[in-house]
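Trainee: Going by our numbering, the first sequence opens with residue 139, and the numbers climb by one from there. One structure is given below, represented as structure tokens, and several questions about it will come after.
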Amino acid sequence: MTDILKGLNPQQQAAVSAGDGPVLVLAGPGSGKTRVLTHRIAYLVEARDVRAWHIMAVTFTNKAAREMENRVTGLLSGSGQLDGLAIGTFHANCARILRVEAEATAYTRDYVIFDTDDQLKVLTQVLADLNLDPKKNTPRAMLNKISAAKNELITPEQYMPDDYSAEKVRRAYLRYEELLRQNNARDFDDLLVHTVRLFQDRPDVLERYLNRYWHILVDEFQDTNMAQYTLVRLLAGERRNLFAVGDPDQSIYAFRGADYRNVQRFREDYPDTDVILLEENYRSHQAILDAATGVIDQNTDRQPKELFSQRKVGPLVRIYEGYNEDDEARFVVETIADLINRKDYDPGDFAIMYRTNAQSRAIEEGFLRAGMPYRLIGATRFYARKEIKDVLAYLRFIHNPDENISMQRIINVPTRGIGLKTLETLDTWGTTMGLTPPHALLALLDENVEAPFSTRARNSLTGFAGLVEEWRALKDQLSPDELITRVLNDTGYLSYLDDGTQQGESRIENVLELRGVAETYAGLPLSTFLEEVSLVSDVDMRDDETAAPSLLTLHSAKGLEYPVVFIVGMEENILPHSRSIAPERNPNATSDQRQQAAKDVEEERRLFYVGITRAEERLYLCYATIRSLYGDSRANLPSRFLYDIPEEVRQGSPLRKPGSSADTDAYRQMTTWSTRTAVFGRPNATRRESRGGSQPKREKQATQFKGGDCVWHAKYGEGVVVSSSLASGDMEQVDVLFPGDVGQKTIIADFLKKMDS
DNA sequence: CTGACTAAGTTTTTT
DNA sequence: ACTTAGTCAG
Numbered sequence: 139m140t141d142i143l144k145g146l147n148p149q150q151q152a153a154v155s156a157g158d159g160p161v162l163v164l165a166g167p168g169s170g171k172t173r174v175l176t177h178r179i180a181y182l183v184e185a186r187d188v189r190a191w192h193i194m195a196v197t198f199t200n201k202a203a204r205e206m207e208n209r210v211t212g213l214l215s216g217s218g219q220l221d222g223l224a225i226g227t228f229h230a231n232c233a234r235i236l237r238v239e240a241e242a243t244a245y246t247r248d249y250v251i252f253d254t255d256d257q258l259k260v261l262t263q264v265l266a267d268l269n270l271d272p273k274k275n276t277p278r279a280m281l282n283k284i285s286a287a288k289n290e291l292i293t294p295e296q297y298m299p300d301d302y303s304a305e306k307v308r309r310a311y312l313r314y315e316e317l318l319r320q321n322n323a324r325d326f327d328d329l330l331v332h333t334v335r336l337f338q339d340r341p342d343v344l345e346r347y348l349n350r351y352w353h354i355l356v357d358e359f360q361d362t363n364m365a366q367y368t369l370v371r372l373l374a375g376e377r378r379n380l381f382a383v384g385d386p387d388q389s390i391y392a393f394r395g396a397d398y399r400n401v402q403r404f405r406e407d408y409p410d411t412d413v414i415l416l417e418e419n420y421r422s423h424q425a426i427l428d429a430a431t432g433v434i435d436q437n438t439d440r441q442p443k444e445l446f447s448q449r450k451v452g453p454l455v456r457i458y459e460g461y462n463e464d465d466e467a468r469f470v471v472e473t474i475a476d477l478i479n480r481k482d483y484d485p486g487d488f489a490i491m492y493r494t495n496a497q498s499r500a501i502e503e504g505f506l507r508a509g510m511p512y513r514l515i516g517a518t519r520f521y522a523r524k525e526i527k528d529v530l531a532y533l534r535f536i537h538n539p540d541e542n543i544s545m546q547r548i549i550n551v552p553t554r555g556i557g558l559k560t561l562e563t564l565d566t567w568g569t570t571m572g573l574t575p576p577h578a579l580l581a582l583l584d585e586n587v588e589a590p591f592s593t594r595a596r597n598s599l600t601g602f603a604g605l606v607e608e609w610r611a612l613k614d615q616l617s618p619d620e621l622i623t624r625v626l627n628d629t630g631y632l633s634y635l636d637d638g639t640q641q642g643e644s645r646i647e648n649v650l651e652l653r654g655v656a657e658t659y660a661g662l663p664l665s666t667f668l669e670e671v672s673l674v675s676d677v678d679m680r681d682d683e684t685a686a687p688s689l690l691t692l693h694s695a696k697g698l699e700y701p702v703v704f705i706v707g708m709e710e711n712i713l714p715h716s717r718s719i720a721p722e723r724n725p726n727a728t729s730d731q732r733q734q735a736a737k738d739v740e741e742e743r744r745l746f747y748v749g750i751t752r753a754e755e756r757l758y759l760c761y762a763t764i765r766s767l768y769g770d771s772r773a774n775l776p777s778r779f780l781y782d783i784p785e786e787v788r789q790g791s792p793l794r795k796p797g798s799s800a801d802t803d804a805y806r807q808m809t810t811w812s813t814r815t816a817v818f819g820r821p822n823a824t825r826r827e828s829r830g831g832s833q834p835k836r837e838k839q840a841t842q843f844k845g846g847d848c849v850w851h852a853k854y855g856e857g858v859v860v861s862s863s864l865a866s867g868d869m870e871q872v873d874v875l876f877p878g879d880v881g882q883k884t885i886i887a888d889f890l891k892k893m894d895s
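So, in structure tokens, the structure goes:
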């Protein structure tokens with residue numbers, strides 16, 4: 139037992155060996171939070187004789203769960219001590235409970251889990267059913283509102299609209315829930331909500347779980363939402379053996395309902411909570427910590443924290459100003475190559491982080507050009523690929539006969555003569571028979587059933603229905619991978635993918651990879667495979683085998699650490715993201731919108747904070763003067779967050795502490811670049827020009843000006859072009875940034891003169 | 001009904 | 001830029 143406390147500092151030991159009752163560990167990055175949680179589990183089992191069976195540990199990702207489990211095993215002496223330990227994400231734990239308690243809920247055991255894609259399809263259907271214009275009410279916006287309500291545990295019946303648009307949401311929410319029920323499907327939010335509701339409605343069921351789980355441990359507590367927190371409180375029961383670990387400064391999932399104020403609620407709901415602070419940082423040296431502190435200190439509504447490290451001060455935070463995203467990528471790749479050549483680091487020691495996945499492309503190209511390997515984490519999510527979703531849709535429809543969404547997806551993929559018209563008839567005819575489309579389809583197998591289809595259409599439908607029936611008969615005898623093989627063969631799906639292109643080939647590979655994953659489920663029921671596949675993220679699939687620099691979003695960097703970290707795209711509109719700061723620039727924004735924007739920017743800042751604190755030794759922050767987005771170039775100012783890093787700990791950039799106006803400084807940098815460009819030519823010019831060789835499809839009329847150009851205006855003087863576009867006719871509208879108080883103006887091209895030198 | 005073409009929107013982040 | 005939804009000729 140002493141082994142378990144060995145190597146921990148006094149505060150960590152206090153946390154690990156805390157007594158029963160609520161415990162809240164609040165700690166900064168790199169302080170060993172997860173380690174404390176890990177040791178706590180081992181401690182409970184070894185020193186306090188708690189059976190692992192009685193412990194539920196909730197982690198943020200499946201991968202974190204697996205890693206934690208391995209480490210706990212390492213800490214314990216005997217094998218088998220961890221049997222029955224419930225460790226996993228909230229969603230995974232809830233899915234299991236719901237499966238077991240199927241008869242107490244409105245769903246059968248065979249329910250499927252809808253991902254965002256499926257949800258949007260349902261919502262499109264909902265909008266059609268309600269005659270709402272999908273232009274005015276996008277499925278996406280609807281979904282966000284419905285999801286927000288669910289995370290707050292608000293049912294459609296409880297949803298109180300205060301204006302007409304909210305009333306539309308209420309109706310959509312109602313219909314949406316109806317359709318989920320009809321499909322015997324749950325969405326991600328439902329997994330939590332239904333579990334909470336089950337426990338609230340059925341004290342007898344809750345009682346069983348209270349007897350089962352004596353200790354509830356939660357990692358990354360700052361990222362729990364209302365539903366999750368309520369669930370935690372329910373499961374804690376009278377015993378109140380809650381052990382939560384978190385850092386409000388690292389809360390970055392508000393957009394999906396997470397609320398760091400749950401930390402405060404916890405303290406209010408359990409006034410006798412044993413609050414333990416871990417302040418020492420073991421990951422980064424002081425310069426990086428000072429940068430992090432400088433950034434996060436700008437947030438209001440937080441408890442100031444003093445991060446300290448006993449490590450020697452290392453290299454200062456390096457800021458690099460690139461010309462464009464290619465130049466930025468070149469800097470990253472060259473720096474990495476240099477550090478590897480000097481034998482200072484291994485390829486696996488590096489991480490490049492960015493705000494949006496779209497930014498990965500330029501970096502990837504940089505690596506490709508240099509002929510260096512890299513690991514891309516979670517850009518086009520594996521399970522979001524068409525071919526994967528298709529195959530899974532087959533399996534899901536085999537598994538769950540009620541599911542319309544999957545059936546619609548694959549009924550004519552590969553094409554088998556079932557077109558729009560036929561599907562419409564299936565729907566209307568089914569409705570008159572009181573059947574949903576999947577059941578109407580099966581009904582056609584009976585030759586005595588009369589239905590308004592042409593012979594050809596009916597044959598196509600029964601042909602498909604027959605296949606489905608065969609597969610369903612086999613589903614319990616075959617293991618998941620055998621079933622996939624069977625489906626692929628019966629449908630000719632692979633030859634459908636094989637269109638001779640490179641892309642087709644990689645799609646086939648993906649499907650085969652999926653089958654490879656399925657092989658690991660040999661002997662397990664189809665439902666297990668489908669459920670786990672729905673709940674994994676790509677971060678979970680990250681292999682640690684290949685030693686190469688990792689490319690990942692700031693969000694997926696949470697919980698990780700690397701010796702050398704690059705954060706690219708340190709620009710206004712990227713980080714903070716344009717969505718969060720839009721109301722700032724809009725003079726018509728309501729005060730509500732402004733407040734929301736302020737909150738959003740704080741979250742962006744926390745995201746940056748998370749990124750900074752991933753770095754152990756070296757941290758590079760890059761921004762580009764010109765960045766192409768959606769095709770055209772735009773000039774962005776350096777991120778406001780950069781100015782929050784104390785000057786003493788940063789180096790290498792022309793970035794000046796703004797005396798009066800940040801705009802002025804940014805402007806000077808841009809003109810520096812413009813001048814430099816005029817004299818020396820653009821970096822990477824070759825690549826850009828080479829594209830122009832075989833040009834015109836349709837002359838996409840060129841603009842006179844483009845981002846980065848230096849221009850002169852009679853009234854405002856010298857300025858830099860942010861972007862330029864053709865308005866109606868030949869009129870070219872140019873957004874120009876002028877120094878000082880003038881700022882950005884939109885000007886007709888005729889009034890601008892290009893300055894060459 | 002299918003395959004090819006055009007228009008539009010999309011992009012913040014993920015269980 | 002890139003993909004998907006929508007339109008149209010065979």
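No residue lacks a Cβ here, since even glycine has one placed at the ideal position from N, Cα and C. Note that the structure is a prediction, hence the values are computed from the model and not measured.
Could you check what DSSP says for Ile390 in three-state terms: helix, strand or coil?
Mentor: Three-state result, Ile390: coil.
Trainee: Measure the Cβ-Cβ separation of Ile515 and Met708 and say whether it is below 9 Å.
Mentor: Not closer than 9 Å, so no.
Trainee: How should Thr333 be labelled, buried or exposed, when 16 other C-beta atoms within 10 angstroms of its C-beta is the threshold for buried?
Mentor: Thr333 should be labelled buried.
Trainee: Does the distance from the CB of Phe198 to the CB of Lys737 come in under 9 Å?
Mentor: Cβ distance not < 9 Å, so Phe198 and Lys737 don't count as in contact.
Trainee: By DSSP's criteria, Asp617 is part of a beta bridge. Which residues make up the other side?
Mentor: Looking at the sequence shown, residue 617 is not Asp but Ser. According to DSSP, which records beta bridges pairwise, Ser617 is partnered with nothing at all.
Trainee: Flag this pair as yes or no: are the beta carbons of Phe704 and Phe746 separated by less than 9 Å?
Mentor: Contact flag unset, no.
Trainee: With a threshold of 16 other CB atoms inside 10 Å of the CB of Lys274, please say whether the residue is buried or exposed.
Mentor: Exposed, by the Cβ-count rule.
Trainee: Compute the Euclidean distance between the alpha carbons of Asp636 and Thr658, then round it to the nearest angstrom.
Mentor: Approximately 26 Å between the Cα atoms of the pair.
Trainee: Note the first and the last residue of the continuous alpha helix (DSSP H) segment covering Ile179.
Mentor: Where Ile179 is concerned, the enclosing alpha helix (DSSP H) stretches over Lys171 to Glu184.
Trainee: Nearest to Ser447 by CA position, among Ile434, His423, Asp439 and Glu459, is which residue?
Mentor: Nearest option by C-alpha distance: His423.
Trainee: Compute the distance between the beta-carbons of Leu673 and Ile251, then report whether it is under 9 Å.
Mentor: Going by C-beta atoms, Leu673 is nearer than 9 Å to Ile251.
Trainee: Confirm, please, whether the CB-CB distance from Arg772 to Arg765 is below 9 Å.
Mentor: Yes; because the gap between Cβ atoms is below 9 Å, this pair is in contact.
Trainee: On a CA-only basis, which of Gly855, Gln366, Gln615 and Ser694 is nearest Ala660? Give me that one, please.
Mentor: Nearest option by C-alpha distance: Gln615.
Trainee: Give the DSSP-derived three-state secondary structure of Ile457 in the structure shown.
Mentor: Strand.
Trainee: Which parts of the segment 244-310 are runs of the alpha helix (DSSP H), unbroken and 4 residues or longer, counting only runs that do not cross its ends?
Mentor: Entirely contained in the segment 244-310, the alpha helix (DSSP H) runs reaching 4 residues are, in chain order, 254-267 and 277-289.
Trainee: His353: which of Pro714, Asp256, His192 and Arg371 sits nearest, CA to CA?
Mentor: Out of Pro714, Asp256, His192 and Arg371, His192 has the C-alpha closest to the C-alpha of His353.
Trainee: If Phe404 and Ala425 are in contact, beta carbons under 8 Å, what's the gap, nearest whole angstrom?
Mentor: Phe404 to Ala425, Cβ: 34 Å. No contact.
Trainee: At what residue ranges does the segment 695-735 contain a whole run of the beta strand (DSSP E), taking only runs of 3 or more?
Mentor: List check, beta strand (DSSP E) in window: 700-705.
Trainee: Going residue by residue through the segment 174-238, where are the continuous beta strand (DSSP E) segments of at least 3 residues, counting only ones entirely within it?
Mentor: Correct list: 193-196 and 224-226.
Trainee: In chain order, what residues of the same chain have a beta carbon less than 8 Å from the beta carbon of Ala429, not counting five sequence neighbours either side?
Mentor: Val455, Ile750, Leu757, Ile783, Pro784, Val787 and Arg788.
Trainee: Taking the straight line between their C-alpha atoms, what separation do you get for Leu344 and Phe337?
Mentor: Distance between the alpha carbons of Leu344 and Phe337: 5 Å.
Trainee: Is the number of C-beta pairs between the segment 211-228 and the segment 277-288 that are closer than 8 Å three or more?
Mentor: Contact fails: fewer than three Cβ-Cβ distances are below 8 Å.
Trainee: Taking a contact to mean a Cβ-Cβ separation below 9 Å, would you say Phe359 touches Leu162 in this structure?
Mentor: Yes, the pair counts as a contact, with Cβ atoms nearer than the cut-off.
Trainee: Short check: CB of Arg129 to CB of Pro714, under 9 Å?
Mentor: With the chain covering only 139 through 895, there is no way to say anything about residue 129.
Trainee: Does the structure place the segment 169-182 close enough to the segment 142-150 that three or more beta carbon pairs sit under 8 Å?
Mentor: The segment 142-150 vs the segment 169-182: in contact.
Trainee: Could you name the residues of the same chain whose beta carbon sits closer than 8 Å to that of Asn648, not counting the 5 residues immediately before and after it, in chain order?
Mentor: Phe520, Arg523, Glu525 and Ile526.
Trainee: Quick one: any contact between the segment 533-549 and the segment 569-580, if contact means 3 or more CB pairs under 8 Å?
Mentor: Segments in contact, yes.
Trainee: Determine the contact status of Val451 and Gly504, defining contact as a CB-CB distance below 9 Å.
Mentor: No. Outside cutoff.
Trainee: Consult DSSP for Ser633 and reduce its assignment to one of helix, strand or coil.
Mentor: Correct three-state label for Ser633: helix.
Trainee: Within 10 angstroms of the Cβ of Val655, are there 16 or more other Cβ atoms? Answer buried if so, exposed if not.
Mentor: It is buried - the Cβ of Val655 has at least 16 other Cβ atoms within 10 Å.
Trainee: If you run the structure through DSSP and keep just helix, strand and coil, what is Pro776?
Mentor: Residue state, collapsed to three classes: strand.
Trainee: I need the DSSP call for Arg814, collapsed to helix, strand or coil.
Mentor: Low confidence applies to Arg814: its pLDDT is 43, below 50, so where it sits in the model is not reliable, and the reading given next is rough at best. The answer is helix: DSSP assigns Arg814 an H, G or I state.
Trainee: Could you check what DSSP says for Gly384 in three-state terms: helix, strand or coil?
Mentor: Reduced to three states, the DSSP call for Gly384 is strand.
Trainee: Tell me the rounded alpha-carbon separation between Arg480 and Gly486.
Mentor: About 15 Å.
Trainee: From the DSSP secondary-structure annotation, give me the bridge partner or partners of Thr691.
Mentor: BP columns for Thr691 point to Tyr492.
Trainee: Closest by CA to Val706, which one among Thr728, Gln734, Cys760 and Ala720?
Mentor: Measuring from the Cα of Val706, the nearest candidate turns out to be Cys760.
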